[in-house]
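*Asks:*
2 protein chains.
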Amino acid sequence: MNNSLSYSHLVDRIKDAGVRPSNVRVHILKYLEEHSHPTAEQIYTALRETMPTLSLASVYNTATALAEAGLIRVLGMNGAGVHYDCNTHQHAHFQCELCGKIFDMDMPGIDCPGLEGFNVKKMDLRFWGVCPHCDALAQAATGLYFGESEEDEKQ
Amino acid sequence: MNNSLSYSHLVDRIKDAGVRPSNVRVHILKYLEEHSHPTAEQIYTALRETMPTLSLASVYNTATALAEAGLIRVLGMNGAGVHYDCNTHQHAHFQCELCGKIFDMDMPGIDCPGLEGFNVKKMDLRFWGVCPHCDALAQAATGLYFGESEEDEKQ
DNA sequence: CATCTCCTTGGAATGATTATAAATACATTA
DNA sequence: TAATGTATTTATAATCATTCCAAGGAGATG
Chain E
19 MNNSLSYSHL VDRIKDAGVR PSNVRVHILK YLEEHSHPTA EQIYTALRET MPTLSLASVY
79 NTATALAEAG LIRVLGMNGA GVHYDCNTHQ HAHFQCELCG KIFDMDMPGI DCPGLEGFNV
139 KKMDLRFWGV CPHCDALAQA ATGLYFGESE EDEKQ
Chain B
19 MNNSLSYSHL VDRIKDAGVR PSNVRVHILK YLEEHSHPTA EQIYTALRET MPTLSLASVY
79 NTATALAEAG LIRVLGMNGA GVHYDCNTHQ HAHFQCELCG KIFDMDMPGI DCPGLEGFNV
139 KKMDLRFWGV CPHCDALAQA ATGLYFGESE EDEKQ
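Chains E and B, in that order, are what the protein sequence lines are.
Take 19 as the starting number for the first sequence in the numbering used here and just add one per residue.
Take 19 as the starting number for the second sequence in the numbering used here and just add one per residue.
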């Protein structure tokens, strides 16, 4: 069991970042720790079940506040809507064009010629394509791999 | 004088891409060749002067068509609105947080560990920060560089 | 308990983009 | 050149994510 997901630990993390640990904030951060790269809408829909008065505006407000405090990161993958990411370390992203899933990748060292003289403060590296799971399914569907049993769907 | 900007050359390029060289298409591509990373709104405003009936919808439709034909590229820098880029070669971008200008950068070689098994089809590398010109202005404004004359504004 | 501030809410407003339907231009054939 | 069919463009309405705003609520402080 990962202690970083416990309620009191989350409260501490939020406090340490200089933000008041309100209910909504803790729950949204908790949700982000437990779910990969959700959108505001997804957070809203999921948390509404246990917090019936939660508003979408609060999700946006809160996510923005958490991002400004450096607790989470805002991720635009160019689909409709923005995703939130509790992994604030420098890292890259891959999005599968078939299942839509977003994967974290280690950030490779980047030595960009021509960037001398530019004061770089933020960097973003993103990939799109087909993830291994969907790739296997796609290849099976082409009929190239007769006799292969379908892989089990796993979230 | 760069021949690639001539009207008939543009017509040929559009034809070669399998798209009919309509007036709107040629003018929008021409505008993109001559201006760096404009938004749909900017294209619309600029071209309206010589094409008074041009509609914003046409700019979006046309840009999308040109992008699908591989003649231009759509660039989301996460500000409001999308930018269009006539440079279709693989390259990175830097956006200045002060002047908003977008600069093309050579794409460095990227060796991303963890990407094995992923079928990568598209990659995007973006930087934000302060460009050399604004950096100089900002440093002058802090008063650290007494006696420095302001640099001339150049687009 | 009184007060102050910050948080949350619901709904309206905004802004970029897309959809739709009518009008126009273009290309082809007669 | 006129007729016809198709592709393009236009104007406007619709959509969707996000932000704004005003009012109510919760918690801390005195």
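Using N, Cα and C, we set each Cβ at its ideal position, and we do this for glycine too.
Spell out a yes or no on whether the region 129-149 of chain E and the region 109-121 of chain E are touching, meaning 3 or more CB-CB pairs, one atom from each, closer than 8 Å.
*Replies:* At 8 Å Cβ cutoff, the stretches touch.
*Asks:* Could you name the residues of chain B that C130/E contacts, counting a contact when the two beta carbons are closer than 9 Å?
*Replies:* Along the first sequence, read from residue 1 onward, the residue named residue 130/E stands at position 112. Per Cβ cutoff of 9 Å: A110, F112, M123, D124, M125, P126, L143, F145.
*Asks:* Throw me the rounded Cβ distance for the L65/B and Y49/B pair, which I believe falls under 8 Å.
*Replies:* As a working note, residue 65/B is residue 47 in the second sequence. As a working note, residue 49/B is residue 31 in the second sequence. So it is a contact: roughly 6 Å between Cβ atoms.
*Asks:* Nearest-angstrom Cα distance between I32/B and L143/B?
*Replies:* Locating residue 32/B in the second sequence gives position 14, counting from the first residue. Locating residue 143/B in the second sequence gives position 125, counting from the first residue. About 27 Å.
*Asks:* Considering only residues of the same chain and omitting the five flanking positions on each side of A35/B, which have a CB-CB separation below 7 Å?
*Replies:* In the second sequence, counting from the first residue as 1, residue 35/B sits at position 17. These residues qualify, in order along the chain: A87, G88, L89.
*Asks:* Would you report the Cα separation of V77/E and I61/E, rounded to the nearest angstrom?
*Replies:* For the purposes of this step, residue 77/E is taken as the residue at position 59 of the first sequence. For the purposes of this step, residue 61/E is taken as the residue at position 43 of the first sequence. About 7 Å.
*Asks:* Let me make sure I understand the geometry here. Which of G99/B, Q157/B, P126/B has the alpha-carbon closest to that of P56/B?
*Replies:* Residue numbering aside, residue 56/B sits at position 38 when the second sequence is read from its first letter. Checked all of G99/B, Q157/B, P126/B; the closest Cα to P56/B is G99/B.
*Asks:* Kindly say whether G94/B, judged by its beta-carbon, lies nearer than 8 Å to any beta-carbon of chain E.
*Replies:* Mapped onto the second sequence, residue 94/B falls at position 76. At least one chain E Cβ lies under 8 Å of G94/B.
*Asks:* Between which two residues does the beta strand (DSSP E) containing H109/E stretch?
*Replies:* Locating residue 109/E in the first sequence gives position 91, counting from the first residue. Where H109/E is concerned, the enclosing beta strand (DSSP E) stretches over 109-114.
*Asks:* Using a threshold of 8 Å, state whether the C-beta atoms of V138/B and T80/B are closer than that.
*Replies:* Position 120 of the second sequence, counting from 1, holds the residue named residue 138/B. Position 62 of the second sequence, counting from 1, holds the residue named residue 80/B. Not closer than 8 Å, so no.
*Asks:* Got a sec, what are the start and stop residues for the alpha helix (DSSP H) K33/B sits in?
*Replies:* What you label residue 33/B is simply residue 15 of the second sequence in a count that begins at 1. Start and end: 25-34.
*Asks:* Among A58/E, F136/E, G97/E, which has the Cα closest to the Cα of T82/E?
*Replies:* As a working mapping, residue 82/E is identified with position 64 in the first sequence. Nearest C-alpha to T82/E: A58/E.
*Asks:* Residue range of the alpha helix (DSSP H) that N41/E falls in?
*Replies:* Here residue 41/E is taken as the residue at index 23 of the first sequence, counted from 1. Counting along the chain, the alpha helix (DSSP H) containing N41/E begins and ends at 41-52.
*Asks:* Taking 8 Å as the CB-CB cut-off, is D153/E touching chain B?
*Replies:* Counted from its first residue, the first sequence places residue 153/E at position 135. Yes - at least one Cβ of chain B is within 8 Å of the one on D153/E.
*Asks:* Grouping DSSP H, G and I as helix and E and B as strand, with all else coil, what is L65/E?
*Replies:* The residue given as residue 65/E occupies position 47 in the first sequence. Residue state, collapsed to three classes: helix.
*Asks:* Buried or exposed, going by whether 16 or more other CB atoms sit within 10 Å of the CB of L74/E?
*Replies:* Taking the first residue of the first sequence as 1, we reach residue 74/E at position 56. So L74/E counts as exposed.
*Asks:* Quick check on C149/E - is its C-beta less than 8 Å from some C-beta in chain B?
*Replies:* Position 131 of the first sequence, counted from the first residue, corresponds to residue 149/E. Yes, its Cβ sits closer than 8 Å to a Cβ of chain B.
*Asks:* Just the chain E side, please: which residues come within less than 7 Å of G135/B by C-beta, in chain order?
*Replies:* Here the question's residue 135/B lines up with position 117 in the second sequence. Chain E residues near G135/B: P150.
*Asks:* Listing by chain order, which chain E residues have their CB less than 9 Å from the CB of K139/B?
*Replies:* Counting from one through the second sequence, the residue named residue 139/B turns up at place 121. Under the 9 Å cutoff, chain E gives E115, F145, W146, G147, V148.
*Asks:* Give me the Cα-Cα distance between H27/B and E51/B, rounded to the nearest whole angstrom.
*Replies:* As a working note, residue 27/B is residue 9 in the second sequence. As a working note, residue 51/B is residue 33 in the second sequence. The alpha-carbon atoms of H27/B and E51/B are separated by roughly 12 Å.
*Asks:* Where do the N-terminal and C-terminal ends of the beta strand (DSSP E) with V77/E fall, by residue?
*Replies:* Reading the first sequence from its first residue, position 59 is the one you call residue 77/E. Run containing V77/E: none in the beta strand (DSSP E); it sits in the alpha helix (DSSP H), 74-86.
*Asks:* Compare the Cα-Cα distances from T106/E to each of G118/E, P126/E, L84/E, G127/E and report the closest residue.
*Replies:* Looking up residue 106/E in the first sequence gives position 88. For T106/E, the nearest C-alpha among the options comes from L84/E.
*Asks:* Report the three-state DSSP secondary structure of H101/E (helix, strand or coil).
*Replies:* Reading the first sequence from its first residue, position 83 is the one you call residue 101/E. Residue state, collapsed to three classes: strand.
*Asks:* Can you list, in chain order, the residues of its chain with a C-beta nearer than 8 Å to that of S167/B? Leave out the 5 residues immediately preceding and following it.
*Replies:* The residue you call residue 167/B lines up with position 149 of the second sequence. Only weak support exists for where S167/B lies, its pLDDT of 45 falling under 50; the coordinates are left without a value.
*Asks:* What is the DSSP secondary structure of L133/E, counted as helix, strand or coil?
*Replies:* Position 115 of the first sequence, counted from the first residue, corresponds to residue 133/E. If DSSP states are grouped into helix, strand and coil, L133/E belongs with coil.
*Asks:* Express the C-alpha separation of A154/B and D153/E in angstroms, rounding to a whole number.
*Replies:* Along the first sequence, one-based indexing puts residue 153/E at 135. Along the second sequence, one-based indexing puts residue 154/B at 136. Using only the alpha carbons, I get a separation of about 49 Å.
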